[in-house]
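Here is the structure we will look at.
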Amino acid sequence: EGKTGGFVNMEGKIGLIINNITVDEAREIMEKVREIEQRDTSRLIFTQIKGLEHKSVEEAAEVVRKVFPKKKIVR
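Read in order, the letters of the sequence shown are residues 17 to 91 in this note's numbering.
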């Protein structure tokens, strides 16, 4: 599959691409990202997580909604 990595786009937004992790690991990463964004609201971190233990799209989206209730979820 794809590689795990990070990037900064032209607007200076930080991005993470994470592949093949467990739901618990994804939740842990998302909680840390949320904590960082709340400390400095000018930061926006784009996170792309693939392969949540073979969860369906709806199940994976529900995991994200629990941590980021106001974030837009792109499928």
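Backbone N, C-alpha and C fix where the C-beta goes; we use that ideal spot for every residue, glycine too.
From a predicted model like this one, the values you see are computed outputs, not experimental measurements.
- By the beta-carbon neighbour count (other beta carbons within 10 angstroms, threshold 16), I34 is buried.
- Burial check for I52: the Cβ neighbour count within 10 Å stays below 16, so the residue is exposed.
- Annotation: the continuous beta strand (DSSP E) that includes I30 extends over I30 to N35.
- Nearest in C-alpha terms to R50, of all of F62, D40 and I37, is F62.
- In this structure, the beta-carbon distance from G31 to Q54 does not fall below 9 Å.
- Your pair E47 and V83 checks out as a contact, with CB atoms roughly 6 Å apart and the cut at 8 Å.
- Going by DSSP, R43 is part of the alpha helix (DSSP H) stretching over V39 to R55.
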